[in-house]
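K.L.:
Attaching a single structure in C-alpha cells format; questions to follow.
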Amino acid sequence: MNAGRFISLEGGEGAGKSTLAAGLAKALQALGIPVICTREPGGTPLAERVRAVVLERGDEVIDLTAETLLMFAARSIHLANRIRPALAAGHWVICDRFTDATYAYQGAGRGVPLPLIDSLAEAVQQGTWPDRTLLLDLPVEEGMRRAKRRGGPEDRFEAEHTAFFTRVRDAYRQRAAAEPTRFRVLDATLPPEPLLAVALDSLAEWLPTP
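The sequence shown begins at 95 in my numbering and counts up one residue at a time.
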C-alpha cells in the first residue's frame, strides 16, 4: 500500500484554497492517487455542527478561549473520524486549513495566548501534522475584494477588519519562514492553472514518476 500524504492549504480570505483543492484532487486522481478533500473546522457531520457554532453571528458572545476550544474540539473529531483513517488506508488528504490557521486566526488575529494553542495542539494532534502545507499568500486588500465578490452573508471571521487580516497574513508568513521544510509559499495572485502547476511541483517528491 502506498503511503498516504496529508496536505493542508492555508491562507487568508479569498486566497483560492477551495479552487486549488479541487484542482489538486483531480490532478492526483489522474495519477492514480486516492484523494479525499476536507476542511476545517468541519470535515465530518459532527465537526460541521461545531463549525456552525464557531462561524455563525448570533446574540451570544463566544469569547477567545471558547472559540479556540471549539476549533480543537472539531479538529479532534475530524482527525479521529476522517483524517487518520484515510491516511492509514493510503489515501492523500487535502485539507482546507488545519492548525496553522488556529495560530494565525485565533493566535495572531484574536490574541489568544500561544501557549494555550501549543498545549491543545499537542493534546489533540498527538504528533499528526501535515506532510506539506501550501500557503496561498495574497495581499489582504485583494483577498477581501475576492471574498466580497462571493456574496452571501459574512461569517464571524469574514466580517473582521483589515488590521485583523494583516495580523493573520503576517503570522502565516512567519510560520512558513520558521518551517521551510513543511511549508511552500505560493503566489495566490496567479491564475488557477499556473497556481495548480506550482502546487503540484511542490509535491513532486511524492508523485509517481512516468
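In this text, a Cβ means the ideal position worked out from N, Cα and C, and glycines have one as well.
Note down, one range per segment and in chain order, each alpha helix (DSSP H) of at least 4 residues found wholly within the region 163-241.
P.N.:
You should have 178-182 and 208-219.
K.L.:
Would you list the one or two residues that DSSP bridges to Val279?
P.N.:
Bridge partners of Val279: Leu229.
K.L.:
Any idea what DSSP makes of Gly105, helix, strand or coil?
P.N.:
Of the three classes helix, strand and coil, the one that applies to Gly105 here is strand, per DSSP.
K.L.:
For the alpha helix (DSSP H) containing Arg133, list its first residue and its last residue.
P.N.:
Segment Val129 to Arg133 is the beta strand (DSSP E) holding Arg133; no alpha helix (DSSP H) there.
K.L.:
Tell me the DSSP bridge mates of Phe100?
P.N.:
DSSP output for Phe100 lists Val187 as bridge partner(s).
K.L.:
Would you give the residue range spanned by the alpha helix (DSSP H) that Val292 belongs to?
P.N.:
Unbroken alpha helix (DSSP H) run through Val292: Pro286 to Ser296.
K.L.:
Please name the residue, chosen from Leu103, Val144, Arg145 and Leu149, that lies closest to Cys131 on a Cα-to-Cα basis.
P.N.:
If we check each option's Cα against that of Cys131, Leu103 comes out closest.
K.L.:
Between Leu290 and Ala282, how many whole angstroms is the CB-CB distance? I'm expecting something under 8 Å.
P.N.:
Not really, about 12 Å apart at Cβ, beyond 8 Å.
K.L.:
Is it the case that the Cβ atoms of His172 and Ala202 are separated by a distance below 8 Å?
P.N.:
Contact: no.
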